[in-house]
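Written below as structure tokens is the structure these notes are about.
Numbering (my numbering), first residue to last: 1 to 132.
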């Protein structure tokens, strides 16, 4: 139930129109608790909402430093976001100077491998896309 509530809340956040980016869209997995069931329906509904709300999803490397052991969002969710044509941006979620840019090079390669050819960045809340 916690996963359903979490994804419902980030969908609601996207729909408000307040946000340009939804950061670490599957943070609920941070401490390594995963469900045995298929999360594809939750990922697809979230991607549909993100696309309709015109928000960008952050691909965040911080999960690599936590028990989750993978980026936020997971590869499975990232593939679905790509299929729904949801733009992505990158972040390292640095809390210390040493963490700035941590694992971005490998994550960028993963984003490309999924099929993205550009990533988003923002200037005064205006989305710009840059080829990768």
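Just so it is clear, CB atoms sit at the ideal spot from N, CA and C, and this is done for glycine as well.
> Can you tell me where the alpha helix (DSSP H) with residue 49 in it begins and where it stops?
Replying inline: 40-53
>> Within the continuous alpha helix (DSSP H) that includes residue 111, where are the two ends?
In response: 104-114
> Looking only at its own chain, which residues have a Cβ that is under 6 Å from the Cβ of residue 63, when we skip the five neighbours before and after it?
Replying inline: Excluding the 5 residues flanking it on each side, residue 63 has same chain C-beta neighbours closer than 6 Å at 70, 71, 72, in chain order.
> For residue 30, which of helix, strand or coil comes out of DSSP?
Replying inline: Coil.
> Less than 9 Å separating the beta-carbons of residue 85 and residue 23?
Replying inline: For residue 85 and residue 23, no; Cβs fall outside 9 Å.
>> By alpha-carbon positions, which one of 3, 98, 78 ends up nearest to residue 50?
In response: 78
> In or out: residue 119 buried (at least 16 other Cβ within 10 Å) or exposed?
Replying inline: Classification for residue 119: buried.
>> So for residue 66, helix, strand or coil by DSSP?
In response: coil
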